[in-house]
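J.: Residues in the sequence shown are numbered consecutively from 14, following my numbering.
All C-beta atoms in this analysis are idealised placements derived from N, C-alpha and C, irrespective of residue type, glycine included.
Note that the structure is a prediction, hence the values are computed from the model and not measured.
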Amino acid sequence: MKRFTKMLVAAGACLAVSTAANAQVKIPADIEALLTKNTCLACHKADQKLVGPGYKEVMAKKKYKPEQIVELIYNPQPSNWPGYPPMAALPNVPKDEALKIAKWIVSLGKK
Ligand code: HEC
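(1) Under 8 Å by Cβ, that's how I've got I86 and V119 pegged, so tell me the actual separation to the nearest angstrom.
(2) I need the DSSP call for D60, collapsed to helix, strand or coil.
(3) For K116, name the three-state secondary structure that DSSP assigns.
(4) Say yes only if the C-beta of Y97 is nearer than 7 Å to one or more non-hydrogen atoms of the ligand HEC, and no if none qualify.
(5) How is the alpha helix (DSSP H) around I44 delimited, first residue to last?
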């Protein structure tokens with residue numbers, strides 16, 4: 014049991030190091046809270062593909078305005094992303110939160 018715990022700790026430390034090394038985009042705390050609350054982080058990372066495309070990739074490929082991203086949260090267009098499963102519409106995300114998230118995603122395209 015003791016050995017097992019040690020192994021877990023080692024694995025955890027490894028994971029922490031590798032995510033830190035990959036984290037090129039630091040998500041601001043207030044945005045991260047909104048992304049977590051609205052489940053976005055279950056499928057998206059800032060700069061890496063997960064279930065859906067990374068937000069940086071979204072902005073590299075499409076030059077969206079914040080309002081367009083808000084619209085896509087409520088009404089996804091899976092045909093924009095061939096090879097990905099369709100994103101489910103998220104009608105319960107409050108508009109002001111969607112707009113804050115959208116503005117942050119757009120800011121990633123300017124870096
Ligand atoms: C269950 C998984 C899942 C969740 C939760 C999810 N997404 Fe997605 N998202 C995807 C997938 C898969 C795609 C690519 C296919 C598509 O657009 O339907 C995508 C695409 C996108 C795109 C690109 C749209 C386009 O047409 O170019 C944006 C922007 C986006 N998501 C933002 C968000 C935001 C913001 C949230 C949280 C409010 C969120 N997503 C939650 C899976 C998800």
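T.: Taking the coordinates as given:
(1) Contact between I86 and V119 is ruled out by a C-beta separation of about 13 Å, above the 8 Å threshold.
(2) coil
(3) Helix, per DSSP.
(4) It does: the Cβ of Y97 is within 7 Å (strictly closer) of some heavy atom of the ligand HEC.
(5) I44 -> alpha helix (DSSP H) spans A42 to K50.
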